[in-house]
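The structure appears below as structure tokens.
2 protein chains.
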Amino acid sequence: MERNIYISWLLDFYGALLTEKQRTVLELHYNEDLSLGEIAEQEGISRQGVYDAAKRAETALCHMEQQLGLLERHIKMKQFFADWLERLQKIEVQPSSTDLLQVLTENIKDYLS
Amino acid sequence: MERNIYISWLLDFYGALLTEKQRTVLELHYNEDLSLGEIAEQEGISRQGVYDAAKRAETALCHMEQQLGLLERHIKMKQFFADWLERLQKIEVQPSSTDLLQVLTENIKDYLS
């Protein structure tokens with residue numbers, strides 16, 4: 025997984041445990057695609073301050089994932105259900121069950137989206 | 025959900041972020057069913073020390089759940105798949121798909137267990 029996307033996912037899982045400043049910096053950088061210089065200007069802090077907050081926040085996020093592994097678990101589960109859906113779609117049902125299969129398939133697709 | 029079970033679940037999700045002492049105390053109390061007095065004796069710390077560590081640890085776990093809500097998300101997801109399994113079992117398949125349905129059903133049951 026690309027690093028930017030990885031950090032963005034970690035932020036989604038564990039961001040609430042960061043300080044507000046750390047979370048803001050990472051959200052602006054990874055989700056809003058602002059440069060560190062742009063964040064410094066917008067937030068009224070030095071570029072070095074932004075850099076330090078981002079580094080500390082990334083280290084904290086990676087530590088939490090290393091300890092808890094919830095993102096990894098989430099990714100494995102999505103893969104499990106994606107494989108599962110693929111096989112479900114191969115099932116041939118009796119005409120009376122067509123609608124039910126359709127609903128179940130849509131539910132899994134919603135879940136995976 | 026009963027409080028003991030709830031704390032035990034939180035411990036399962038977030039325990040790695042506690043200090044070793046906090047985690048040990050809660051594991052012995054909630055998973056091994058030892059009293060605070062028994063833990064104090066076993067670990068060679070005062071009963072008050074055990075009590076304080078347990079209180080701090082429980083507060084930390086509840087705070088993490090309040091911030092991240094991963095246990096709640098997990099419970100909802102299990103419920104979603106339990107409902108889903110119930111409906112899957114009502115599907116009537118063509119004879120050629122009997123084995124496939126069986127495998128898919130077993131997979132979901134394994135996941136839920």
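Protein chains in written order, with my numbering: chain A, 25 to 137; chain B, 25 to 137. Glycine residues also receive a C-beta, built at the ideal position from the N, C-alpha and C atoms. Please read these numbers as outputs of a predicted model, since none were measured by experiment.
Taking the alpha carbon of residue i as the reference point, which residue from the options has its own alpha carbon closest?
| i | options | result |
| --- | --- | --- |
| A/S32 | A/C86, A/T43 and A/G73 | A/C86 |
| B/K102 | B/D76, B/Q118, B/Q126 and B/D134 | B/D134 |
| A/T48 | A/I63, A/Y38 and A/F37 | A/I63 |
| A/D36 | A/Q126, A/A81, A/W108 and A/L109 | A/A81 |
Between residue i and residue j, what straight-line distance do the alpha-carbon atoms span, to the nearest angstrom?
| i | j | result |
| --- | --- | --- |
| B/G61 | A/L92 | 30 Å |
| A/R111 | B/L128 | 8 Å |
| B/L124 | A/N131 | 19 Å |
| B/T43 | A/E65 | 38 Å |
| A/K79 | A/E116 | 53 Å |
| A/G73 | A/I29 | 23 Å |
| B/R71 | A/A40 | 34 Å |
| A/E26 | A/Y54 | 12 Å |
| B/H98 | B/A84 | 19 Å |
| B/K45 | B/Q113 | 46 Å |
| B/T122 | A/P119 | 15 Å |
| A/L109 | B/K100 | 20 Å |
| A/E67 | A/A77 | 12 Å |
| A/Y38 | A/L52 | 16 Å |
| B/Q126 | B/E56 | 37 Å |
| A/F104 | A/Y75 | 38 Å |
| B/I69 | A/I69 | 46 Å |
For chain B, check one thing: does any of its Cβ atoms lie closer than 8 Å to the Cβ of residue i?
| i | result |
| --- | --- |
| A/I138 | There is no way to answer for residue 138 of chain A, as the model of chain A reaches only from 25 to 137. |
| A/R111 | yes |
| A/M88 | yes |
| A/L124 | yes |
State yes or no: is the beta carbon of residue i nearer than 8 Å to at least one beta carbon in chain A?
| i | result |
| --- | --- |
| B/A106 | no |
| B/S70 | no |
| B/L52 | no |
| B/L136 | no |
Give me the Cβ distance between residue i and residue j, rounded to the nearest whole Å; I'm assuming they're in contact under 8 Å.
| i | j | result |
| --- | --- | --- |
| A/L136 | A/A106 | 6 Å |
| A/E89 | A/L34 | 6 Å |
| B/L94 | A/L94 | 6 Å |
List the residues of chain A that residue i touches, going by C-beta distances under 8 Å, in chain order.
| i | result |
| --- | --- |
| B/L92 | F37, Y38, A40 and L41 |
For a contact meaning CB atoms closer than 8 Å, what does residue i contact in chain B?
| i | result |
| --- | --- |
| A/S120 | E116 |
Quick one: which chain A residues come within Cβ less than 7 Å of residue i?
| i | result |
| --- | --- |
| B/N131 | W108 |
| B/L128 | W108, R111 and L112 |
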